[in-house]
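Asker:
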Amino acid sequence: MPAGIRATAQAGASVAGALRVMDAAGQARLREILKECATEADLDVNLRMLDGKTPTAQQCEEQVGTDAEGKPITRAMQWGQEKHAVALRCVQARLSVERPGGFSLEQRYRYNRDTKTLELVSSGEEQAMIRTGRTGRLRGTLVPDVVIHSGDPLRAEASYDFKFPCPIGKEGVWRKYPEGHPWEGHRQGEMYEEALGVDAFRVSPILGVY
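Residue numbering for the sequence shown follows the working numbering, starting at 24 and increasing by one per position.
1) Would you decide whether tyrosine 134 is buried or exposed? Buried here means 16 or more other CB atoms lie within 10 Å of its CB.
2) So, for cysteine 113: in the same chain, excluding its five sequence neighbours on each side, which residues have a beta-carbon less than 7 Å away from its beta-carbon?
3) By the 10 Å Cβ neighbour count, where 16 or more other Cβ atoms means buried, how is glutamate 142 classified, buried or exposed?
4) For glutamine 150, does the three-state DSSP call read helix, strand or coil?
5) Could you name each continuous alpha helix (DSSP H) segment of 4 residues or more that falls completely within the segment 44-79, going from the start of the chain to the end?
6) Can you name, in chain order, every residue of its own chain whose Cβ lies under 8 Å from the Cβ of proline 235, other than the five neighbours on each side?
7) Are the beta-carbon atoms belonging to leucine 165 and alanine 218 less than 8 Å from one another?
8) Determine the extent of the alpha helix (DSSP H) in which valine 109 is found, giving its start and end residues.
9) Whose C-alpha, out of Pro167, Lys94, Pro228 and Ala116, is nearest the C-alpha of glutamate 194?
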């Protein structure tokens with residue numbers, strides 16, 4: 024997600040002093056918005072990159088390149104990144120109106136499992152680490168797509184991650200951290216819940232929030 028959009032969401036979070044914890048009606052409305060954004064992203068990218076067609080399993084598995092570690096990059100991964108970006112822009116636009124200051128997009132958290140402490144990593148700090156080659160400081164940080172709160176991202180109410188299974192229709196899976204990673208053997212959602220102390224949900228087209 025572009026740093027400018029993320030900074031906008033983070034700035035909104037800092038001025039939201041009077042927001043209340045989301046009630047049942049608010050949660051239902053949020054789920055509706057997230058599902059609509061996931062569906063909109065799926066349709067938008069399919070229209071632009073697939074002439075509006077739904078990709079087949081064979082197309083999803085087609086390799087289009089390799090990453091820096093030599094691992095394959097598939098069409099599914101490529102389309103998923105595009106859909107992810109579109110979905111986040113949609114959420115930014117919708118929640119800026121319906122819950123200004125009460126959400127964060129791709130907020131990076133640094134979690135110390137030994138001391139159970141959690142701190143925010145600002146987009147400015149993140150970019151500075153990247154520019155100066157200190158990306159090791161970002162290793163093990165957690166970045167949920169959407170965090171709902173009442174003005175303080177450290178006091179989350181829930182977190183949500185967009186998943187775009189390919190082909191469409193099945194549940195998206197939480198990524199499992201690889202060998203050598205600080206959270207080796209654990210899954211994304213598991214660590215989000217441990218660090219933030221709230222439920223972590225996935226969001227996909229058709230299925231919505233689960």
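Backbone N, C-alpha and C define an ideal beta-carbon position, used for all residues, glycine too.
Values in this document were obtained by computation on a predicted structure and should not be read as measured data.
Answerer: This is what the structure gives:
1) buried
2) Cys60, Glu63 and Ala64
3) exposed
4) helix
5) 47-73
6) Residue 235 lies beyond the residue range present for the chain, which begins at 24 and ends at 233; the question has no answer from this structure.
7) yes
8) 98-121
9) Pro228
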